[in-house]
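Asker:
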Amino acid sequence: MAVASEITVAVRGGGAIVGENGPAGSIRDLLRGLPVFDTELPGFDVDAAPADPVALFVEWLTSAVEAGVREPHAMSLATADAGGRPSSRVLICKDLGADGTWYFATSAGSRKGGELAATPYAALAFYWPEQGRQIRVRGTAFAADAQRSAADFLARSPGARADALTGRQSQVLDKPSDLEAALRAAHARIEADPEVVAPGWTLYGVRAEEVEFWQADHDRRHIRLRYTREDAAWARHRLWP
Numbered sequence: 005m006a007v008a009s010e011i012t013v014a015v016r017g018g019g020a021i022v023g024e025n026g027p028a029g030s031i032r033d034l035l036r037g038l039p040v041f042d043t044e045l046p047g048f049d050v051d052a053a054p055a056d057p058v059a060l061f062v063e064w065l066t067s068a069v070e071a072g073v074r075e076p077h078a079m080s081l082a083t084a085d086a087g088g089r090p091s092s093r094v095l096i097c098k099d100l101g102a103d104g105t106w107y108f109a110t111s112a113g114s115r116k117g118g119e120l121a122a123t124p125y126a127a128l129a130f131y132w133p134e135q136g137r138q139i140r141v142r143g144t145a146f147a148a149d150a151q152r153s154a155a156d157f158l159a160r161s162p163g164a165r166a167d168a169l170t171g172r173q174s175q176v177l178d179k180p181s182d183l184e185a186a187l188r189a190a191h192a193r194i195e196a197d198p199e200v201v202a203p204g205w206t207l208y209g210v211r212a213e214e215v216e217f218w219q220a221d222h223d224r225r226h227i228r229l230r231y232t233r234e235d236a237a238w239a240r241h242r243l244w245p
């Protein structure tokens, strides 16, 4: 296997990484020199954790909001096509059910919508670096009914609805002016009919089969607690870091 050429990078400002040849170091120097968990970290008493992962998620989310974590509702969504090739992206969690279902919405015609149709399983991950916390969710994905999907769409901002109404997500954009024209037309549709819903707009749920809570530790004794669904109950196990 051929060895890739080294990438050189120079960082401006107080966070400059100095490599062997001066201020311009390798990307490896930059990545390995960046600080990790350089803040005070909260504790995590596994023995006091609730029996239900939904309750612990709400507790951690509330803590993140109160601590000023930026966009704590943002999560990565990993899906796979029929051939098992994965893709991921970051989007917003829209709801959480008491039964352990996490919700998000997108067009059924999008890449993620197509992959969920082909492979109805998904993984979610929340990461809150200010607290050294992440939450991982794995489970079966499903589409909610049309009424709930429409309600989700209509609760969005006019800008978000206009973007969805263009109906061309992930297609090749030949000219930026085409996007501007499509958005103007979409805004006009919304003004003419405030109840218009984008065709194919779908609220998806991921019914968790496994939820893991991960708390960083400065000494790398990271605390991991995994919940696994067993019929109507949840089994809890602490994991090695």
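Numbering (my numbering), first residue to last: 5 to 245.
For every residue, glycine included, the Cβ atom is placed at its ideal position computed from N, Cα and C.
Roughly how many angstroms separate the alpha carbons of Asn25 and Trp64, rounded to a whole number?
Answerer: In the sequence shown, the residue the question calls residue 25 occupies position 21. In the sequence shown, the residue the question calls residue 64 occupies position 60. Annotation note: pLDDT 47 at Asn25 (below 50); position unreliable, no value reported.
Asker: Considering only residues of the same chain and omitting the five flanking positions on each side of Ala236, which have a CB-CB separation below 6 angstroms?
Answerer: Counting from one through the sequence shown, the residue named residue 236 turns up at place 232. For Ala236, where only same-chain residues beyond five positions count, there are no Cβ hits under 6 angstroms.
Asker: Counting only the same chain and skipping the five closest in sequence on each side, list residues whose C-beta sits under 7 angstroms from that of Ala84.
Answerer: Position 80 of the sequence shown, counting from 1, holds the residue named residue 84. Taken in chain order, the residues that qualify are Pro90, Glu119 and Thr123.
Asker: Tell me which residues share the same chain as Ala121 and place their Cβ nearer than 8 angstroms to its Cβ, disregarding the 5 neighbours each side in the sequence.
Answerer: The residue you call residue 121 lines up with position 117 of the sequence shown. Excluding positions up to five away in sequence, the list reads Ala112.
Asker: Taking the alpha-carbon positions, what's the Pro133 to Ala196 distance?
Answerer: Looking up residue 133 in the sequence shown gives position 129. Looking up residue 196 in the sequence shown gives position 192. Cα to Cα, the separation comes out at about 44 angstroms.
Asker: Whose C-alpha, out of Gln173, Phe157, Ala185 and Gln135, is nearest the C-alpha of Trp218?
Answerer: By one-based count along the sequence shown, residue 218 stands at place 214. Closest by alpha carbon: Gln135.
Asker: Rounded to whole angstroms, what's the CA-CA distance from Ala68 to Asp178? Just pull it up for me.
Answerer: Walking along the sequence shown from the start, residue 68 turns up at place 64. Walking along the sequence shown from the start, residue 178 turns up at place 174. Cα to Cα, the separation comes out at about 41 angstroms.
Asker: Quick check: the Cα distance between Val201 and Gly163, rounded to an integer number of angstroms?
Answerer: Here the question's residue 201 lines up with position 197 in the sequence shown. Here the question's residue 163 lines up with position 159 in the sequence shown. Taking the straight line from one Cα to the other gives about 13 angstroms.
Asker: Can you tell me whether Trp244 is buried or exposed, with buried defined as 16 or more other CB within 10 angstroms of its CB?
Answerer: The sequence position of residue 244 within the sequence shown is 240, counting from 1. Result: exposed.
Asker: Just checking my contact of Ala55 with Trp238 at CB under 8 angstroms: how many whole Å lie between their CB atoms?
Answerer: Mapped onto the sequence shown, residue 55 falls at position 51. Mapped onto the sequence shown, residue 238 falls at position 234. Indeed, because the Cβ distance is near 6 angstroms, the residues count as touching under 8 angstroms.
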